[in-house]
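These notes are about the structure you will find just below.
Below, the structure is given as structure tokens:
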């Protein structure tokens, strides 16, 4: 990270690190477009009223005020203020409603943008970071095949990032209806409360969650135990999932003729479809994991979290779900399903754990040397010719001794130094040459025809060196 | 613009408009990198203290406060608050100082990012917009050739954007030392005040500026007149510039042996160098125009504004200058020179005046039809094969009638609809075919080998249709 990331939670990268982040963003964008997703960018700010109504993260809003109004902020209720968005889903919902007459449904969109969370400063938590989202939003209805299509696009995206140092990713899926149906089936009523506590299992462990379920959500010890048993359930295919769930319901006395069970089965069948369809295309990439709860309260069906092999401490790096009631306009609903990659956290992992970096700092393949300031125009002309042929070129900042110019190229990782022809004291003109400062090879060359060796032509991302 | 740009000053584009903005950003980035500039991204927020000390725009800061602290904002002085950056130059200066040990000087960087200005809502002014900047920052010193190199990169960049509907651009250059020397030479002392008023000529006209110079800056009628005469001076080469300036100084009685004149000549020679060097490479692209003042007070030498042919009302679309005292660390200085494109305003012009738009809404070249939901997996497999060959493909959202699926493709501008083979009531299998829904041509095809016609392969930006 840039040495002076002087504000806690606001990461900044050095230029050679930014190359990695940029590569990640380019890779995702081009994969999303290969799948027919449309790119949008929404404004960074939303009305306080729309930020406040959705989910837990709304506690962490940064509010804005104009400098001129400083001192009078308290006069304005939060609802009427502007705040920075804390995710890209709430803005998408607003965008879809506002532009419902202008976009085609189902609306498949990708969006890679910064979000802000005004959390307390805390080790390893970013307050400004980039998210990379894909969502599909329907008009009135949304076919359930998108609940497997969308996570599979993310799996493919994360697969592409493995060459940048990312370990294998596995999507863990669950379904809110399944959880809710089961909780109701064992007699619980504070469903949001239970989901919120279950979401903490990985952080605080099952024993503490059991205590919270009894103290906060009115659960008996047996009900709490049932919830934890559900959370321990996982399966790689629909058949095993159905078997395990039915056995659990039988043990816990869930009434198979009740509404709660019917709701659970609705969620179970969607989840079974997801793992079975995904298994046909990418075996093992998507598993059913019934402890996945997602803190945010706008999800209504499928929920997803994604974990990296051997990097459990990172937590979920790509999460989301289906939300049927987030975007509404009068009676009209725009149900959606989407996932969001925590891109900054991923890049931080690539840089610091996988040691990904740029093969060189500068995009330039060539530094054109300058013999003296009077002949700078000649060096500029050589650089122009190279650039017109698509070869990125820089020109030495000063007409220092050639050794110093080569040192400048070396610091920036520029592999070639171009040495223009010059006239010596006897009036003899030297040949125009180019030197590969990595191999030491120096050859006569013309800017009209010379081409860099392919391994030095482009700046790349290299891993673990 | 997206129909519901519901917050005044916060533009949002429709997906087909965003394609244009994205193309502009991609074009600029690749040109900047061709010239060896390094990309960085800085955090969106800066300390109030560092935002406040630089220039006029600091009046328009958006301050941030955490939701939890709402109501108590007044307790915190602005200097200790965080604010959104209003440009990319102040953040660059901080970044350079913080990372001076990690970057190579001269530090050539490009940066394309959003900035925010908490102005009063006002017709046609954006409060959130994208800037595209290049700067070169030296350590201690910065060779003056960058004062012509940097605007020439911007000229080349704007030239590349002409195919997206931009008219020809001309950079108008001036030099603060020239102006200051002349103002002092005619006996004025409130240099910042004079520059601020001169900056208003295009907005309010010379008569009103003359009045302001006398009422606000202590100028006599004759001094005001001299300032306006200087502002009217322009030239396409150094020789004409020197002649005109010397004639003016003689008329206005500027002492040619005084310090003020020497300062003016220092500025004049830099300006003459800029127009002469630029003329050799791109005749007419950079002219000396002595009314260019730049409101921001951090410029110390060259200043630039850029105007489009036939779009004067847009104002300057690319501005900047040399700043010797913006980034400092103890006694150390990091002088820089840079220009900034007001990218959102440019995109707005391209969309609304040049009628640039995407050749199609969706990036997909192919929509794979679905006969029935049971056979969706087969359609998915076809799309996967196409994507593996780099052909962007979408799959129909529902197994509606084929005509409805074609209509969906048509709305998104997807040129090809893939028709998978199917088995009819007699058990006969139909051929797999692909239909170009623009030409109507339909041919048998295999996803392993078929390739779209080149004019339909990629989504492009088209102008004036």
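Chains as they are written, first to last, in full-length UniProt numbering: chain S, 1 to 465; chain W, 1 to 465. Glycine is no exception: its CB is placed at the ideal position from the N, C-alpha and C atoms.
In DSSP terms, what residue i is bridged to
i                     : result
residue 466 (chain W) : Since the displayed chain W opens at 1 and closes at 465, residue 466 (chain W) lies outside it and no answer follows.
residue 357 (chain W) : W:462
residue 320 (chain W) : W:304, W:339
residue 107 (chain S) : S:137
residue 289 (chain W) : W:234
residue 62 (chain W)  : S:66
residue 416 (chain W) : W:366, W:436
residue 113 (chain S) : S:131
residue 175 (chain S) : S:302
residue 422 (chain W) : Paired residue(s): none; residue 422 (chain W) is not in a bridge.
residue 74 (chain S)  : According to DSSP, which records beta bridges pairwise, residue 74 (chain S) is partnered with nothing at all.
residue 393 (chain W) : W:366
Inter-residue Cα distance where the pair is residue i and residue j
i                     : j                     : result
residue 4 (chain W)   : residue 47 (chain S)  : Bear in mind that a pLDDT of 44 at residue 4 (chain W), under 50, signals an unreliable position, so the model cannot answer this.
residue 83 (chain S)  : residue 369 (chain S) : 50 angstroms
residue 280 (chain W) : residue 45 (chain S)  : 46 angstroms
residue 421 (chain S) : residue 136 (chain S) : 59 angstroms
residue 449 (chain W) : residue 102 (chain S) : 35 angstroms
residue 40 (chain W)  : residue 250 (chain S) : 58 angstroms
residue 155 (chain S) : residue 364 (chain W) : 20 angstroms
residue 276 (chain S) : residue 31 (chain S)  : 23 angstroms
residue 199 (chain S) : residue 394 (chain S) : 53 angstroms
residue 286 (chain S) : residue 223 (chain S) : 29 angstroms
residue 213 (chain W) : residue 202 (chain W) : 15 angstroms
residue 66 (chain W)  : residue 197 (chain S) : 25 angstroms
residue 14 (chain S)  : residue 26 (chain W)  : 21 angstroms
residue 346 (chain W) : residue 208 (chain S) : 56 angstroms
residue 313 (chain W) : residue 175 (chain S) : 56 angstroms
residue 7 (chain W)   : residue 115 (chain S) : 18 angstroms
residue 446 (chain W) : residue 376 (chain S) : 56 angstroms
Cβ-based burial, residue i [other Cβ within 10 Å; buried from 16]
i                     : result
residue 404 (chain S) : exposed
residue 483 (chain S) : Here chain S has residues from 1 to 465 only, and residue 483 (chain S) is not among them.
residue 204 (chain S) : exposed
residue 348 (chain W) : buried
residue 73 (chain W)  : buried
residue 329 (chain W) : exposed
residue 36 (chain W)  : buried
residue 411 (chain W) : exposed
residue 232 (chain W) : exposed
residue 11 (chain W)  : buried
residue 16 (chain W)  : buried
residue 325 (chain W) : exposed
residue 382 (chain W) : buried
residue 429 (chain S) : exposed
residue 288 (chain W) : buried
residue 106 (chain S) : buried
Which listed residue (the options) has its alpha carbon closest to that of residue i
i                     : options                    : result
residue 456 (chain S) : S:339, S:391, S:335        : S:391
residue 359 (chain W) : W:23, W:282, W:146         : W:23
residue 310 (chain W) : W:269, W:372, W:353, W:435 : W:353
residue 143 (chain S) : W:166, W:372, W:13, W:157  : W:372
residue 264 (chain W) : W:302, W:19, W:179         : W:179
residue 244 (chain S) : S:439, S:389, S:230        : S:230
residue 432 (chain S) : S:271, S:419, S:423        : S:419
residue 42 (chain W)  : S:96, S:128, S:42, S:255   : S:128
residue 50 (chain S)  : S:262, S:297, S:85         : S:85
residue 172 (chain S) : S:130, S:316, S:80, S:297  : S:316
residue 436 (chain W) : W:406, W:344, W:242        : W:406
residue 150 (chain S) : S:242, S:64, S:274, S:388  : S:274
residue 320 (chain W) : W:293, W:308, W:334        : W:293
Supposed close pair residue i, residue j - CB separation, criterion 8 angstroms
i                     : j                     : result
residue 336 (chain W) : residue 323 (chain W) : 6 angstroms
residue 193 (chain S) : residue 260 (chain S) : Not confirmed; about 17 angstroms, so no contact.
residue 318 (chain W) : residue 300 (chain W) : Not really, about 20 angstroms apart at Cβ, beyond 8 angstroms.
residue 111 (chain S) : residue 87 (chain S)  : In fact, because the Cβ distance is near 10 angstroms, the residues do not count as touching under 8 angstroms.
residue 415 (chain W) : residue 408 (chain W) : No, residue 415 (chain W) and residue 408 (chain W) are not in contact; Cβ-Cβ is about 13 angstroms, not under 8 angstroms.
residue 79 (chain W)  : residue 270 (chain W) : Not really, about 35 angstroms apart at Cβ, beyond 8 angstroms.
residue 302 (chain W) : residue 131 (chain W) : So it is not a contact: roughly 19 angstroms between Cβ atoms.
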